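With the sequence shown counted from 1, adding 6 to any position gets you our numbering.
From the three backbone atoms N, C-alpha and C, an ideal C-beta is built for every residue, glycine too.
Predicted model only: the values in this text are computed from it and were never measured.
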Amino acid sequence: LELTAAYTAFAGLGTGVKPRVIVQVEDPDKEVVWSLEGGAPRVLQPAIAYLVNDALRDALLRGTGQTVRQAGFQGVAAGKTGTTNEGTDAWFVGYDPQVVATVWIGLDRPQPIMAQATGGRLAAPLWARVMERYYAGRSRPRPWSQPDGIVAASVDPDTGMVLAPGCLPLAAAPYRELFVSSRVPRETCP
């Protein structure tokens, strides 16, 4: 629950949410008779949260969370897998702009779950199936809006350094990376 709550700051572009069971009560005519009061606190700069989202979206495309996409969930999402020593716990925390959910798989008495138990192999595909069911009949959220203070730059894949305008890397093709505008690394020209 604490891990899930921590990821709400990324999903909310810096606004954290305290987990709760009931947020409002409606009567049979859909009139709100009670609602949770108070807004969510800002716990992180939106630009920093956006960069984390960008990295964790990439984890679903090329990282250990690829199984989310392979299991069929194609909506906006970001997430992180986790596995403890010898596969005693496998987890995946995934989120979109509306929902943060965690899948944990393990045994009450810690012991290996199975051979090659990992968060990417076990928990991430289960998260994908849960999210597909959750969004059956619901509209899916739009991607996060890029906040002010984010810039893109070309990066040398060999060094990870930002390329100066007009410069090319020595070997592979450059790629685009996002940075907080006040923290862009020094440019280089190989």
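Is Ala-100 buried or exposed, if buried means 16 or more other CB atoms sit within 10 Å of its CB?
It should be pointed out that residue 100 corresponds to Gly in this sequence rather than to Ala. Label assigned to Gly-100: buried.
Below 8 Å on the Cβ atoms is my contact criterion, and I expect Ala-130 with Val-74 to pass it. Report the Cβ-Cβ distance as a whole number of Å.
Contact flag correct, Cβ pair sits at about 5 Å.
Exposed or buried, what is Ala-59 when buried is set at 16 or more other beta-carbons lying within 10 Å of its beta-carbon?
In the sequence as displayed, the identity of residue 59 is Asn instead of Ala. Classification for Asn-59: buried.
Under the rule that 16 or more other beta-carbon atoms within 10 Å means buried, what is Met-137, buried or exposed?
buried
Return the residue from the list Thr-194, Gly-78, Phe-16 and Glu-8 that minimises the CA-CA distance to Arg-48.
Phe-16
Which runs of the alpha helix (DSSP H) spanning at least 4 residues fall entirely within the segment 15-72, listed in chain order?
52-68
Which residues does DSSP list as the beta-bridge partners of Thr-87?
As a beta-bridge residue in DSSP terms, Thr-87 pairs with Phe-98.
Using a 10 Å radius around the Cβ and a threshold of 16 neighbouring Cβ atoms, would you call Asp-95 buried or exposed?
buried
If Thr-14 sits next to Val-106, beta carbons under 8 Å apart, how far is it from one beta carbon to the other, in whole angstroms?
For Thr-14 against Val-106, the beta-carbon gap comes to about 5 Å, under 8 Å, which counts as contact.
Quick check on DSSP: helix, strand or coil for Thr-108?
When secondary structure is reduced to three states using DSSP, Thr-108 falls in the strand class.
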